[in-house]
Amino acid sequence: MLAKKINQGKALLAWHLLVQKKNNEQPLIERKRKFADGTEQLYYTRTKLIPGNVEATGERLIKEYIRAYEFQLQHGFEPEHEQDLPSLFTNSAKMADKRTCSDRTIRNHISRLRKVGLISGYVFHGSFHDYELWINPEVLFSGEILCKKNATETPKTAEISPSASPNDNNLPHNVAFETLETVEKENTHVDKCGVAAQQGALPDGEGDCHTLGTQETGNPGAQRAGSRLKSRLYGSVEAKKQDTGTGGAARAEKDAQRAVFVAYVEHFWLTAWKLIYPNAQFNDYMQRQAKNAIWRGVYGGFTAKMNSKEWEQYHKEAIERLTLAANYFENHPDKYAPMPYAEFKPGTGYFDFENLRGFRATEEWLIKQQVWRQQQEVNAALSRAQREISLHKQGKLEKLPKRLQAKTKLELFRFHENKMKRLGRAALDKFYAIHAIN
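If you read the sequence shown in the working numbering, its first letter stands for residue 291, the second for the next number, and so on.
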């Protein structure tokens with residue numbers, strides 16, 4: 291029989307709505323909030339069955355499965371029956387690298403995703419801790435049915451996400467927003483969307499309203515680009531980008547770059563709404579204001595002189611910072627994020643660059659997490675090297691991995707030395723201090 295095609299947009303939307311449904315089914319928990327004047331306030335919250343990090347792992351698995359599925363189709367795979375689907379062959383180490391987290395975290399996420407029904411099949415292979423898994427066909431192929439079912443069962447979600455529909459490839463809350471070019475012409479110009487633009491708002495291409503199309507803006511794991519990118523970004527946060535292009539080619543290039551920037555802001559806002567403001571409702575005007583604050587406060591108006599790869603890396607870090615912020619609010623129910631934009635006093639919105647205690651503070655959190663993650667990797671590598679070299683000296687070769695049993699003492703030393711070189715000079719110096727050759 292002919293193999294079905296997977297629509298990635300609808301599959302991700304079906305997964306997103308399934309997550310909302312599962313989380314909304316959790317019981318309400320009564321909590322108390324104490325204020326500085328000694329008064330208390332009762333409020334209710336839900337413990338998420340599928341937290342944001344687990345949902346993000348699910349999204350990554352869906353994308354990886356679709357890639358593997360398309361690869362199998364290109365190489366002649368033909369299903370014998372409707373339930374005959376190829377598997378995704380991977381392991382926790384690979385997924386941890388794509389999600390920038392530990393192997394143990396991925397194993398916990400896989401276990402949770404199996405329980406909630408995203409992973410319909412799982413086969414473990416012992417050798418190198420690889421495993422095969424299958425994604426639930428109802429998410430991959432029956433996204434329209436699942437979306438309709440969830441839309442009827444969760445009316446609150448439908449109110450928050452009026453744009454989500456089974457025939458829409460975009461994620462929910464896809465609303466147009468203000469841009470820079472009309473603002474440069476006139477500060478109070480009303481664009482075609484009917485909202486007055488502000489200084490430094492988003493570019494809209496001569497007043498047209500832009501929306502995010504079916505472009506994948508995932509968040510695969512990558513190392514931090516470094517403080518150099520951030521200094522270049524924030525160092526020019528208030529500078530205006532001049533249009534130096536001439537001719538049709540320059541204009542086309544600028545339009546393509548602007549579309550990418552608009553997509554970054556759209557994706558960031560959708561993720562922020564889902565993680566930071568999951569129960570909030572924003573009308574078109576409020577979303578427009580929020581995206582303007584993100585454009586200026588988070589991305590510095592895209593005025594920094596960075597190439598496309600550097601902007602992509604910075605966007606990945608910004609999404610990771612959203613996850614850190616969501617975890618903070620989840621672990622501190624007495625804390626809550628202010629409005630994403632300033633309502634009364636300028637610079638007090640959560641995403642405003644001037645708000646040092648807002649989203650901008652997560653930059654330091656990300657740096658600390660990356661330093662800790664690097665240190666954990668170095669410590670693990672040093673411990674493994676010390677253990678294996680010690681076993682080799684004692685003659686207990688059978689306890690070493692098979693690929694190392696035939697190595698001499700010097701070859702084993704060089705093997706770990708090369709691994710430590712990839713972790714930096716400081717890690718290599720520690721290795722030499724522990725395993726100096728006599």
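Cβ coordinates follow ideal geometry from the N, Cα and C atoms, glycine included. Keep in mind that this is a model prediction, so the values were computed, not measured.
For N573 and A616, the gap between their C-alpha atoms comes out near 22 Å. V413: member of the beta strand (DSSP E) spanning I409 to H415, first to last residue.
F379: not part of any alpha helix (DSSP H); member of the beta strand (DSSP E) spanning L378 to N381, first to last residue.
Close CB contacts of H706 within its chain, under the 6 Å cut and outside five residues either way in sequence, are with A675 (chain order).
Scanning the segment 303–365 for uninterrupted beta strand (DSSP E) segments of 3 residues or longer gives 318–324 and 330–336, listed from N- to C-terminal end.
Inter-residue distance for I409 and G685 is about 44 Å (C-alpha atoms, whole angstroms).
I425 sits in a strand when the DSSP states are folded into three classes. Just measuring C-alpha positions, the residue of G342, V668 and L694 sitting nearest S680 is L694. For D420, the secondary structure class from DSSP, reduced to helix, strand or coil, is strand. Ranked by Cα distance from P630, the first of E556, H725, N582 and Q665 is N582.
With respect to the C-alpha of F649, the residue from F721, A670 and F558 having the closest C-alpha is F558. Counting along the chain, F705 sits inside the alpha helix (DSSP H) bounded by residues K699 to K711. In this structure, E610 places its C-beta atom within 8 Å of the C-beta atom of T390.
DSSP, reduced to helix, strand and coil, places A696 outside both helices and strands of the structure shown, so it counts as coil. When the Cα atoms are used, K384 and N398 turn out to be separated by approximately 15 Å.
For the pair A723 and L713, the Cα-to-Cα distance works out to about 15 Å. The Cβ-Cβ distance between E422 and F379 falls below 8 Å.
Taking the Cα of N669 as reference, the smallest distance to any Cα among K295, D719, A594 and F641 is reached at D719. Setting aside the 5 residues that flank it on each side, L656 is surrounded in the same chain by R514, E607, E610, R611 and L614, each with a C-beta closer than 8 Å to its C-beta; the list follows chain order.
Residue ranges of uninterrupted beta strand (DSSP E) with 3 or more members are absent from the segment 627–692; none lies entirely inside it. Leaving aside the five residues that flank L403 on each side, the residues in its chain whose CB is nearer than 6 Å to its CB run, in chain order, G348 and I409.
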